[in-house]
Ligand code: CTP
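Pasting the structure below:
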């Protein structure tokens with residue numbers, strides 16, 4: 018038998034989590050079964066996860082489950098022999114604290130500043146940013162006391178996620194109270210770890226992704242192989258850095274990232290109109306989409322039938338979005354374009370940098386292995402306006418490329 022080595026690159030830790038310590042608090046609610054998966058996701062993303070459970074939480078999920086998932090001891094008691102200073106050490110070591118689920122009782126105790134168990138003591142002792150993820154029965158969430166506690170906790174500087182609406186436990190019907198999915202919480206913890214001190218915090222970032230589609234008739238279209246992986250990775254990374262992100266996207270093969278405002282479009286002219294509208298309020302535009310350069314000159318109102326003979330479709334050139342929306346750019350906005358080239362790659366990239374009045378252009382050489390449309394990796398060269406030497410980056414995941422691009426966007430923004 019012949020064994021074929023996998024060519025898949027194992028995903029390195031996501032940047033905000035690598036070597037960071039996250040204190041994961043678990044209060045006693047049924048949603049804590051989902052927190053086990055969150056612990057796994059945090060560890061997989063590269064974080065060192067210290068789990069602190071309330072006594073009630075251990076009634077729902079065993080401490081051993083969290084120990085196995087995080088590979089670290091789980092902390093439960095404030096008064097365990099020899100562990101009296103755990104709360105100070107854990108609180109000091111944490112780069113971020115997340116409590117999921119934050120039950121009604123936990124919220125009440127946290128809002129009152131109590132420190133009667135290890136988790137509430139850690140909350141008072143930490144200086145790290147804190148995210149609370151409320152989850153409870155819908156009537157308990159709607160109760161004026163819980164709502165008042167939520168307002169107060171926000172005033173104290175804690176971040177709170179709103180519970181999802183949906184099926185609650187034990188046939189309790191549906192209503193707001195459900196804990197958001199672990200993947201959503203993971204994204205918010207990423208933002209908690211990353212958005213301090215970023216030049217993108219509070220800025221408006223406009224990103225495009227994916228292909229566009231140009232109708233031939235009601236059932237057919239012209240398009241390309243763009244999946245949207247690069248653009249969505251940039252949108253996710255910009256949101257993590259604290260930006261308000263709008264993603265203008267054609268039909269994507271990947272999910273819309275958490276926290277991002279999504280404006281779906283179909284054709285290149287729809288994408289152009291959306292960019293024209295959004296640009297005046299944007300501090301940066303990252304044009305990662307692959308808009309179709311041509312569209313059929315005539316769109317047939319009814320389905321084209323076979324004729325038994327060869328046929329051709331006349332094409333009209335689409336507007337270039339980057340060039341045609343130049344006058345809508347805000348003064349000082351940073352504009353990033355991409356170039357996918359097969360020949361004269363460097364000369365073509367430099368020409369596009371000038372012709373489209375860009376600050377940065379990210380060159381994909383289509384001849385390189387591991388670069389291109391439907392793969393998770395990319396090998397790019399970045400040209401920055403005003404610098405002679407382009408920067409050639411190694412083969413990276415698209416998440417790493419996204420962070421490399423945004424580091425340079427931040428540098429340009431800081432210089433303005
Ligand atoms: N782009 C655009 N509007 C289009 C086509 C492309 O704004 N109608 C943007 C892309 O999003 C990308 C950059 O322009 O950021 C370069 O895209 P590319 O397809 O490489 O270049 P083109 O200008 O279309 O040139 P060519 O196809 O001739 O290489």
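In the numbering used here, the protein residues as written are 18 to 433.
Beta carbons: idealized from backbone N, C-alpha and C, even for Gly.
These figures come from a predicted structure and were not determined experimentally.
Return the chain-ordered list of same chain residues with a C-beta closer than 6 Å to the C-beta of residue 382, the five sequence neighbours on each side being excluded.
Setting aside the 5 residues that flank it on each side, residue 382 is surrounded in the same chain by 362, each with a C-beta closer than 6 Å to its C-beta; the list follows chain order.
Contacting residues, own chain, Cβ-Cβ under 6 Å from residue 136 (five flanking each side not counted)
42, 69, 71
If residue 98 and residue 150 are in contact, beta carbons under 8 Å, what's the gap, nearest whole angstrom?
No, residue 98 and residue 150 are not in contact; Cβ-Cβ is about 31 Å, not under 8 Å.
In the DSSP assignment, the alpha helix (DSSP H) including residue 157 goes from what residue to what residue?
155-159
With respect to the alpha helix (DSSP H) encompassing residue 239, which residues constitute its N-terminal and C-terminal limits?
Taken as a continuous stretch (DSSP letters only), residue 239 belongs to no alpha helix (DSSP H), being part of the beta strand (DSSP E) at 237-239.
Give me the Cβ distance between residue 247 and residue 267, rounded to the nearest whole Å; I'm assuming they're in contact under 8 Å.
Wrong, their Cβ atoms sit about 13 Å apart, outside the cutoff.
By the DSSP assignment, the alpha helix (DSSP H) with residue 364 in it spans what residues?
362-372
Do you know how far the Cα of residue 377 is from the Cα of residue 424?
12 Å
Given this structure, state the Cα-to-Cα distance separating residue 231 from residue 335, to the nearest angstrom.
10 Å
Do you know how far the Cα of residue 273 is from the Cα of residue 236?
25 Å
Residues bridged to residue 123 (per DSSP)
Partner(s): none; residue 123 has no beta bridge.
At what residue ranges does the region 158-184 contain a whole run of the beta strand (DSSP E), taking only runs of 3 or more?
181-184
Exposed or buried, what is residue 229 when buried is set at 16 or more other beta-carbons lying within 10 Å of its beta-carbon?
buried
Run through DSSP, which three-state label would residue 375 get?
coil
Neighbourhood of residue 323 by C-beta distance below 8 Å, restricted to the same chain and skipping five residues each side
none
Spatial neighbours of residue 260 within its chain, please: C-beta separation below 6 Å, excluding the five flanking residues on both sides.
217, 220, 222
Length of the line joining the Cα atoms of residue 148 and residue 163
Distance between the alpha carbons of residue 148 and residue 163: 17 Å.
Who are the near neighbours of residue 32 in its chain, counting only those whose CB is closer than 7 Å to its CB and skipping five residues on each side?
Close CB contacts of residue 32 within its chain, under the 7 Å cut and outside five residues either way in sequence, are with 420 (chain order).
Use the C-beta contact count for residue 115: other C-beta atoms within 10 angstroms, 16 or more gives buried, fewer gives exposed.
buried
Kindly identify the DSSP beta-bridge partner or partners of residue 357.
381
Beta-carbon contacts of residue 131 that lie in its chain and below 7 Å, excluding the five residues immediately before and after:
137
Kindly examine ligand 1 and report whether one of its heavy atoms sits closer than 6 Å to the Cβ of residue 400.
Taken from the Cβ of residue 400, every heavy atom of ligand 1 lies 6 Å or farther away.
Considering only the alpha carbon of each residue, which of 422, 401, 396, 417 lies closest to residue 411?
396
Exposure label - residue 343; buried when at least 16 CB within 10 Å:
exposed
For residue 308, count neighbouring C-beta atoms within 10 Å of its own C-beta (all shown protein chains included) and say buried if the count is 16 or more, exposed if not.
buried
Please report the straight-line C-alpha distance between residue 44 and residue 120, rounded to a whole angstrom.
Going from the Cα of residue 44 to the Cα of residue 120 covers about 6 Å.
Among all the DSSP beta bridges, which residues are the ones paired with residue 413?
395
Through-space distance from residue 295 to residue 262, alpha-carbon basis:
11 Å
If I measure Cβ to Cβ from residue 298 and keep anything under 8 Å in the same chain, skipping five residues before and after, which residues do I get?
221, 347
Using a Cβ-Cβ cut-off of 8 Å (strictly less than) and excluding sequence neighbours within five positions of residue 350, which residues of its own chain qualify?
296, 299, 300, 301, 302
Just checking residue 304 against ligand 1 - is the residue's beta carbon closer than 6 Å to any of the ligand's heavy atoms?
yes
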